[in-house]
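K.L.:
Sharing a structure here in structure tokens format.
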Amino acid sequence: MRRLVLVALLTAAVPGCFYPADRGRALEAKVDKLGADNARLEAELKEARSQLVATLPKIDEKVAQVTQALQSLDTAARRKDADIGVQFQKTVEDLSQLRGQVETYLYKIGELEAALGKSTEETNQRLLALQGTEAVKEAEAKKKADELQRPTEKKEFLALAQEKSKAGDVLVARQLYNEFVKKWAKDALVGEAHFGLGETYFTEAKCREALFEYGKVVQDFPKTASAPDAYLRSSECFQKLKMKEESKLALEELVKSYPKSDAAKTAKTKLAELDKKPAPAPKKGKK
């Protein structure tokens, strides 16, 4: 029963997200405007591409006419040279005009694509800025993580995430751990990935987020190697949150569930310290 209470506390430790109403409305207004700008650029780009597609068959037709005119030169004796020259000249002019239109469309498409790309980038940057520095850091970490070559083998993938975490690159490590959980959702190593996620939050002193990940370990992956350490870390997090009873409960469950683990030895020491009664304050002497 006590274990169920502890698990419930751990898995309920999902951090709440508070976003001020005025900033929320400002963000929505910015998003709407930027979205409208992007939609307009996309519409113009679509129209320019349609015009180009409609023009290309006309060019093919004119090229065919020029080819036919050239082939008919050997039968020029049947027609007047002047007539052939006029027809040929008109065809060449039409072809030149169509080529000019294509160049204009291509230039316009290039400009629109560049403007759309710039607008999209500005939209993302403004959204991140409105969301705060934390969101900016996470976006940068995602970009950095995307540049990494992912191992195809799950153990190597997990090792890469652990390596990044130990190196202090916790945001990149978090990206990798989350990817691992999604990619190998039913694998036993997911427990280690959740513990790794907890460690990235613990490093940043985000105890509520860390508790949620440690809770996933002890509830869903009790046989994973880091399960005892998940209890120990949970106790530390509860202690930092000034939840002393819950901190002690985590230590007790650790000793009970994993009595032979190194983490249990540490837990016993901590429990012994907690059980020591503080020395009574000396009585003040009467005057």
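The opening position of the sequence shown corresponds to residue 37 in our numbering, with each subsequent residue numbered one higher.
Glycine residues also receive a C-beta, built at the ideal position from the N, C-alpha and C atoms.
Every value quoted in this text rests on a predicted model; they were computed, and no experiment measured them.
With a 10 Å radius around its C-beta and 16 neighbouring C-beta atoms as the bar for buried, classify Leu142 as buried or exposed.
P.N.:
Your numbering for residue 142 matches position 106 in the sequence shown. Exposed, because fewer than 16 other Cβ atoms sit within 10 Å of the Cβ of Leu142.
K.L.:
What are the start and end residues of the alpha helix (DSSP H) that includes Asp205?
P.N.:
Position 169 of the sequence shown holds residue 205. Neither: Asp205 is in no alpha helix (DSSP H) and is coded neither H nor E.
K.L.:
Using DSSP with H/G/I as helix, E/B as strand and the rest coil, what is Ser132?
P.N.:
Start at 1 with the first residue of the sequence shown, and residue 132 comes out as number 96. Residue state, collapsed to three classes: helix.
K.L.:
If contacts are defined as beta-carbon pairs under 8 Å, then Gly232 and Gln198 qualify, I think. What distance do you get, rounded to the angstrom?
P.N.:
For the purposes of this step, residue 232 is identified with residue 196 of the sequence shown, where counting begins at 1. For the purposes of this step, residue 198 is identified with residue 162 of the sequence shown, where counting begins at 1. Correct: roughly 6 Å between the Cβ atoms.
K.L.:
For Leu194 versus Phe216, is the C-beta distance shorter than 8 Å?
P.N.:
In the sequence shown, the residue the question calls residue 194 occupies position 158. In the sequence shown, the residue the question calls residue 216 occupies position 180. It is a contact, given that the beta carbons lie within the stated cut-off.
K.L.:
Which residue wins for smallest C-alpha separation from Lys292, given the options Leu247, Glu309, Ala263?
P.N.:
For the purposes of this step, residue 292 is taken as residue 256 along the sequence shown, with counting starting at 1. It is Ala263 whose Cα lies nearest to the Cα of Lys292.
K.L.:
Report yes or no: do the stretch 200-211 and the stretch 242-251 share at least 3 C-beta pairs separated by less than 8 Å?
P.N.:
Contact between the stretch 200-211 and the stretch 242-251 is absent, because fewer than three Cβ pairs lie under 8 Å.
K.L.:
State buried or exposed for Arg76, treating a residue as buried only when at least 16 other CB atoms are found within 10 Å of its CB.
P.N.:
Your numbering for residue 76 matches position 40 in the sequence shown. By the neighbour-count rule (16 or more Cβ atoms within 10 Å), Arg76 is not buried but exposed.
K.L.:
Roughly how many angstroms separate the alpha carbons of Glu281 and Val226, rounded to a whole number?
P.N.:
On the sequence shown, position 245 is the one that residue 281 refers to. On the sequence shown, position 190 is the one that residue 226 refers to. Going from the Cα of Glu281 to the Cα of Val226 covers about 29 Å.
K.L.:
Whose C-beta lies closer than 8 Å to the C-beta of Leu290 among residues of the same chain, with five residues either side of it excluded?
P.N.:
Counting from 1 along the sequence shown, the entry for residue 290 is found at position 254. Closer than 8 Å at Cβ, skipping near neighbours: Pro264, Tyr267, Leu268, Ser271, Ser297, Ala299, Ala300, Ala303.
K.L.:
Would you decide whether Gln133 is buried or exposed? Buried here means 16 or more other CB atoms lie within 10 Å of its CB.
P.N.:
In the sequence shown, the residue the question calls residue 133 occupies position 97. The residue in question, Gln133, is exposed, as its Cβ has fewer than 16 Cβ neighbours within 10 Å.
K.L.:
Distance, Cα to Cα, Glu228 vs Asn214?
P.N.:
What you label residue 228 is simply residue 192 of the sequence shown in a count that begins at 1. What you label residue 214 is simply residue 178 of the sequence shown in a count that begins at 1. Their backbone Cα atoms lie some 11 Å apart in a straight line.
K.L.:
So the candidates are Val128, Cys273, Ser201; which of them puts its Cα closest to the Cα of Ala241?
P.N.:
Stepping through the sequence shown from its first residue, residue 241 is reached at position 205. Comparing Cα positions, the closest option is Cys273.
K.L.:
So, helix, strand or coil for Tyr213, using DSSP?
P.N.:
Reading the sequence shown from its first residue, position 177 is the one you call residue 213. Looking at Tyr213 - three-state DSSP - the assignment turns out to be helix.
K.L.:
For the alpha helix (DSSP H) containing Thr260, name the first residue and the last one.
P.N.:
On the sequence shown, residue 260 is found 224 positions in, with the first residue counted as 1. That residue, Thr260, is in no alpha helix (DSSP H); it is neither H nor E in DSSP.
K.L.:
Cα-Cα, which of Glu139, Leu287, Val89 is closest to Asp311?
P.N.:
For this step, residue 311 is matched to residue 275 along the sequence shown. The candidate whose alpha carbon is nearest that of Asp311 is Leu287.
K.L.:
Sort Leu196, Phe257, Lys202 by Cα distance to Asp223 and report the nearest one.
P.N.:
Within the sequence shown, residue 223 is the residue found at index 187, counting from 1. Asp223 has its Cα closest to that of Phe257, out of Leu196, Phe257, Lys202.
K.L.:
Is the beta carbon of Leu277 sitting closer than 8 Å to the one on Cys243?
P.N.:
Stepping through the sequence shown from its first residue, residue 277 is reached at position 241. Stepping through the sequence shown from its first residue, residue 243 is reached at position 207. Cβ atoms of Leu277 and Cys243: closer than 8 Å.
K.L.:
Can you list, in chain order, the residues of its chain whose CB lies under 8 Å from that of Glu174, leaving out five sequence neighbours each side?
P.N.:
Working through the sequence shown from its first residue, we reach residue 174 at position 138. So the list reads Leu207, once near-sequence residues are dropped.
K.L.:
Can you tell me whether Thr305 is buried or exposed, with buried defined as 16 or more other CB within 10 angstroms of its CB?
P.N.:
Reading the sequence shown from its first residue, position 269 is the one you call residue 305. When all chains shown are included, Thr305 counts as exposed.
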